[in-house]
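Undergrad:
In full-length UniProt numbering, the protein residues as written are 1 to 287.
1) Mind checking who residue 188 pairs with in its DSSP beta bridge?
2) Quickly, what does DSSP pair residue 196 with across the bridge? List them, please.
3) Only counting runs of 3 or more residues, tell me where the beta strand (DSSP E) segments fall wholly within the region 238-286, in order along the chain.
4) For residue 64 versus residue 27, is the C-beta distance shorter than 8 angstroms?
5) Mind checking which residues open and close the alpha helix (DSSP H) that includes residue 124?
6) Am I right that residue 133 and residue 197 are in contact with their C-beta atoms under 8 angstroms? What's the rounded C-beta distance?
7) Evaluate contact between the region 115-124 and the region 46-57, counting only Cβ atoms and requiring at least three cross-stretch pairs below 8 angstroms.
8) Could you name the residues of the same chain whose beta carbon sits closer than 8 angstroms to that of residue 265, not counting the 5 residues immediately before and after it, in chain order?
9) Taking Cβ positions, are residue 147 and residue 160 nearer each other than 8 angstroms?
10) Taking the C-alpha atoms as reference points, what is the distance between residue 238 and residue 95?
11) Could you say which of 62, 54, 90 and 145 lies nearest to residue 114 if we only look at CA atoms?
12) Distance, Cα to Cα, residue 200 vs residue 191?
13) Applying the 10 Å Cβ sphere with the 16-neighbour rule, what's the burial state of residue 331?
14) What distance in whole Å lies between the Cβ atoms of residue 214 and residue 310, which are believed to be in contact at a cut-off of 8 angstroms?
15) Considering only residues of the same chain and omitting the five flanking positions on each side of residue 282, which have a CB-CB separation below 7 angstroms?
16) In terms of DSSP beta bridges, what is residue 66 paired with?
17) Does residue 57 come out as helix, strand or coil in the three-state DSSP assignment?
18) May I ask which residues mark the beginning and end of the alpha helix (DSSP H) holding residue 147?
19) CB-CB under 8 angstroms to residue 209, same chain, minus the five flanking residues each way: which ones, in chain order?
20) Between 274, 195 and 89, which has its C-alpha nearest residue 218's C-alpha?
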């Protein structure tokens, strides 16, 4: 069980009733996070092509949520890797936020082979029955197919970035190690000293394969990701001759501080992290 996920969904906060279980990729919220909080951000689709698309991965058709500026081509591509709850409304909203900045942003449903992550109310059961079945090998193949799809639908694969949250933050690190075409990455509170799928290497163990610059955004009060593990990863990267990645650790900040639909949300850190995220991609030529 991931303690940080349980903690970030702690009861006793002021909730409104806008939450509803997702019925399609990018719509609604996962059952495990209901009800959502009052500060939940909603980004409109004005000027965007946005919605569900289907990506072929071999003979499998994987759903994904895509948002991009309408009528434009040769757009920089941002892969968005979800939390353990799958591609629900918050992840779709993040895609729309990137699209408003001129990106083709796409969030593939990386758990869909194993079950409906949005339907679970029990987090340990969700992790055991769905999340823990998505290996780095499977996820890398799915993301490779997503990049190929984006390149055929208005994206410029020479300007490829990836970002993700929690499980998706770890995926951000892992995919950057897998694909040398990634130009830059931003990992939001992704575990670096443990894996989810049995047999997968930790991010610390994959450090030597990471070539692109990664910005790691973390909370010092994250109960599941000790700051010491970030220090270990930083040392492993330096030992491999990688000096391009950076870490930002926000004081007194919990896990999932960017998740505006959850009680763990911390607006100051989230806003600062988002600004740093956009600046990082621009600095590294993914813009």
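We put the beta carbon where it would ideally sit given N, CA and C, even for glycine.
TA: Let's see:
1) 165 and 217
2) None; residue 196 has no bridge partner.
3) 246-250
4) no
5) Boundaries of the alpha helix (DSSP H) around residue 124: 123-129.
6) 7 angstroms
7) no
8) 37, 39, 256, 257, 258 and 259
9) Yes, the Cβ-Cβ distance between residue 147 and residue 160 is below 8 angstroms.
10) 32 angstroms
11) The residue with the shortest Cα to Cα distance from residue 114 is 62.
12) 13 angstroms
13) A query on residue 331 cannot be resolved here, the shown segment of the chain reaching from 1 to 287 and no further.
14) Outside the shown range of the chain (1 to 287) lies residue 310, about which nothing can therefore be said.
15) none
16) 51 and 106
17) strand
18) 136-152
19) 177 and 178
20) 274
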